[in-house]
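Those sequence lines, one after another, are chains A and B. The letter at position 71 of the first sequence is residue 71 when you use the working numbering, and the numbering goes up by one with no holes. The letter at position 165 of the second sequence is residue 338 when you use the working numbering, and the numbering goes up by one with no holes. Written out below as structure tokens is the structure these notes cover.
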Amino acid sequence: MTPWLRPLMRPGDADERRAAILAWMIVLQALCALFFIGDVLADLRAGNDDTGTHLWLEGSVALVLCIGLGVLMYELRQLLMRMERVTTTLRAARGEMAEVIEGFFADWGLTPAERDVALMILKGLDNDSIATVRGRAAGTVRAQSAAIYAKAGVDGRTQFLSLFMEELLADPD
Amino acid sequence: MAGTPGGREGAREIRVWDPLVRLTHWGVALGVLVNSALTDPDGALHEQVGYGVLALVVLRLLWCIVGPKPARFSAFPPSPAAALGHLRAMLRGERKVHLSHNPMGALMVYNLWLTLLALSATGIMMGTVTFFGVDWVEELHEAAFGWLMFSVALHVGGVLFDQWRTGVPLARAMVTGRKRIQAERLDG
Numbered sequence: 001m002t003p004w005l006r007p008l009m010r011p012g013d014a015d016e017r018r019a020a021i022l023a024w025m026i027v028l029q030a031l032c033a034l035f036f037i038g039d040v041l042a043d044l045r046a047g048n049d050d051t052g053t054h055l056w057l058e059g060s061v062a063l064v065l066c067i068g069l070g071v072l073m074y075e076l077r078q079l080l081m082r083m084e085r086v087t088t089t090l091r092a093a094r095g096e097m098a099e100v101i102e103g104f105f106a107d108w109g110l111t112p113a114e115r116d117v118a119l120m121i122l123k124g125l126d127n128d129s130i131a132t133v134r135g136r137a138a139g140t141v142r143a144q145s146a147a148i149y150a151k152a153g154v155d156g157r158t159q160f161l162s163l164f165m166e167e168l169l170a171d172p173d
Numbered sequence: 174m175a176g177t178p179g180g181r182e183g184a185r186e187i188r189v190w191d192p193l194v195r196l197t198h199w200g201v202a203l204g205v206l207v208n209s210a211l212t213d214p215d216g217a218l219h220e221q222v223g224y225g226v227l228a229l230v231v232l233r234l235l236w237c238i239v240g241p242k243p244a245r246f247s248a249f250p251p252s253p254a255a256a257l258g259h260l261r262a263m264l265r266g267e268r269k270v271h272l273s274h275n276p277m278g279a280l281m282v283y284n285l286w287l288t289l290l291a292l293s294a295t296g297i298m299m300g301t302v303t304f305f306g307v308d309w310v311e312e313l314h315e316a317a318f319g320w321l322m323f324s325v326a327l328h329v330g331g332v333l334f335d336q337w338r339t340g341v342p343l344a345r346a347m348v349t350g351r352k353r354i355q356a357e358r359l360d361g
């Protein structure tokens, strides 16, 4: 995967950027709110009568800043909760997928060695790479994958993969 | 690449600290560093940084009420009993990992917040007409500062120790927001 594609491939990152920006806004706005509240308090203590409008203005600014702060915090909380939900759902889907795969393997009666090979096929390794990883001859792996395809009732790698894609894309009901 | 489908076993990255938690944490750390080592204690900058730190602490406390789960008070209630239990489990050599603060870390967090609030309160009092130059306020401010330094040392030591004990890179988690945790060690 090329580096510039990565942000597109992991949509979670956009949300994370948004959350970070919101958090920065909240912190900066809190400091601004503090400044205005402090100013209002100082003016009140000084107790000058001729600064009435000035005081009102500053007070309103402080109030608006605080309300904005509340809105931003609510917004960030919603965003974080949504991110959490997405992660959980994805993890559940992934976990279920693993079970689906295991279920298929069991149905077909794959041997432990064949399971390993089948899994590597699913992960996109070609026969030569699988042979290297497992430290077996390329011929052995070829024979094993042929056995896997036969047991699964498909005529090759593409059909084998599409079996699982089907499962992933199928409606939950 | 062995027969475990989906890469479910092994280390898992879990999002624990949201950006606001991290920002306030490092903001407070920076403020404390600046005010303890760099600013003139009688200067205006010292006061302003102090107010800034207070704002961050208050913001974090608000976030403890309205924030997401791991940031909330309910994720790490202050409980000396739980802390003792954690200590005993640690001595027994158990290596359970906690998603939010562990019970002893939680006590430290409350200690740090209370100390910072006490520092801010006495600091603000020193600037008021009523308490200006009053000895006990100044002494309290200095005592709170000493306690803060002690606590910070303990906090850093505790983090390093726990990092070594559980193998979870905690300091890194406070930067990236994610804890890398062995799935089987997870415990709340």
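Every residue gets a Cβ at the ideal spot worked out from N, C-alpha and C, and that includes glycine. The structure presented is a predicted model; accordingly, all values stated were derived computationally and were not measured.
- Along the stretch 93–120 of chain A, the positions whose C-beta sits under 7 angstroms from a C-beta of chain B are 94, 95, 97, 98, 101, 102, 112, 115, 116, 119 and 120, read in chain order.
- Legend: CB atoms of the stretch 187–208 of chain B lying less than 8 angstroms from CB atoms of chain A belong to residues 188, 191, 192, 193, 195, 196, 197 and 200.
- By the criterion of a C-beta distance shorter than 6 angstroms, residue 194 of chain B is surrounded in its chain by 244, once the five residues flanking it on both sides are discounted.
- A distance of 8 angstroms or more separates the beta carbons of residue 282 of chain B and residue 339 of chain B.
- Cβ atoms of residue 345 of chain B and residue 186 of chain B stay farther apart than 8 angstroms, at about 11 angstroms.
- Below 8 angstroms, enough C-beta pairs join the stretch 102–115 of chain A and the stretch 151–162 of chain A to call them touching: three or more.
- Across the structure, residue 332 of chain B and residue 302 of chain B are spaced so that their CA atoms are roughly 41 angstroms apart.
- Taking residue 167 of chain A as reference, the option from A/100, A/38 and A/17 with the minimal CA-CA separation is A/100.
- At least one C-beta of chain B is nearer than 8 angstroms to the C-beta of residue 34 of chain A.
- Your pair residue 190 of chain B and residue 230 of chain B does not check out as a contact, with CB atoms roughly 16 angstroms apart and the cut at 8 angstroms.
- If you compare the alpha carbons of B/207, B/227 and B/228 with that of residue 218 of chain B, the shortest gap goes to B/207.
- The DSSP-derived three-state label of residue 270 of chain B is strand.
- Residue 252 of chain B: not part of any alpha helix (DSSP H); DSSP gives it neither H nor E.
- The three-state secondary structure of residue 91 of chain A, taken from DSSP, is helix.
- Around residue 347 of chain B, the same chain offers 190, 195 and 198 as residues with beta carbons nearer than 7 angstroms, after the five sequence neighbours per side are excluded.
- Chain-order list of chain A residues neighbouring residue 240 of chain B: 77, by C-beta distance under 7 angstroms.
- Neighbours of residue 81 of chain A in chain B, taken as residues at a C-beta separation under 9 angstroms, are given in chain order as 241 and 242.
- Distance from the Cα of residue 17 of chain A is smallest, within the candidate group A/61, A/79, A/64 and A/56, for A/79.
- Considering only A/138, A/19, A/134 and A/95, the residue with the shortest C-alpha distance to residue 75 of chain A is A/19.
- Segment contact: the stretch 20–40 of chain A against the stretch 60–74 of chain A, three or more CB-CB distances shorter than 8 angstroms; contact assigned.
- Taking 8 angstroms as the upper bound for CB-CB distance, residue 284 of chain B and residue 247 of chain B are not in contact here, some 19 angstroms apart.
- The Cβ atoms of residue 292 of chain B and residue 334 of chain B lie no closer than 8 angstroms to each other.
- In the three-state scheme derived from DSSP, where H, G and I count as helix and E and B as strand, residue 136 of chain A is classed as coil.
- Per the coordinates, the alpha-carbon of residue 37 of chain A lies some 22 angstroms from the alpha-carbon of residue 22 of chain A.
- When 8 angstroms is used as the limit between beta carbons, residue 217 of chain B is near no residue of chain A, the shortest such separation being about 13 angstroms.
- Minimum Cα-Cα distance from residue 278 of chain B among the listed residues B/297, B/264, B/251 and B/337 corresponds to B/251.
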